[in-house]
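>
Residue numbers (UniProt numbering): 1 to 126.
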C-alpha cells in the first residue's frame, strides 16, 4: 500500500512537471499579450545600399519606432556616380547633336549635284 501511494505521488508529480514544461514551452515559443499584439524584442536591420556609416543615431537595445533614422551612410560614391552619369548623358546628347548636324550637312552635300543637274536640265529645256 505504501508503495502504491509513493508511486502515485511520484507519477502525479512527474505529470505536473511535464504539464508545466509544456505550458512554459508553448508560451515562450508563441508570446501572448492581452491586446493581441506581438512585439519583436530584437529585429535585424540591413540597408538597401552598402557604404561607410557616417553617423549612428541609436544605442544597443534602444527602443525605436518606424520611420526613425537609425544611421546615415556616406553618399559620396553615389554622388560621384550620379555626376559621372550626368556627364555621360550630356556628352551623349552633344554627340547626338553633332551627328545630326553632320547628317544634315551630308544630306545637303549629297543634294548639291542633283540640284546642279536639275538646274542644267531646266535651262536646257527652257
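Beta carbons: idealized from backbone N, C-alpha and C, even for Gly.
1) Could you spell out where the beta strand (DSSP E) holding residue 10 opens and where it closes?
2) Which residues share a DSSP beta bridge with residue 71?
3) Is the Cβ-Cβ distance between residue 65 and residue 54 less than 8 Å?
4) Comparing C-alpha positions only, which one of 56, 15, 89 sits nearest to residue 74?
5) Run through DSSP, which three-state label would residue 106 get?
6) For residue 46, name the three-state secondary structure that DSSP assigns.
7) Do residue 45 and residue 70 come within 8 Å of each other at the CB atom, strictly closer than that value?
8) Distance check for residue 60 and residue 51, CA to CA, integer angstroms please.
Let me lay it out:
1) First-last for residue 10: 2–29, but that is the alpha helix (DSSP H), not the beta strand (DSSP E).
2) 56
3) no
4) 56
5) helix
6) coil
7) yes
8) 21 Å
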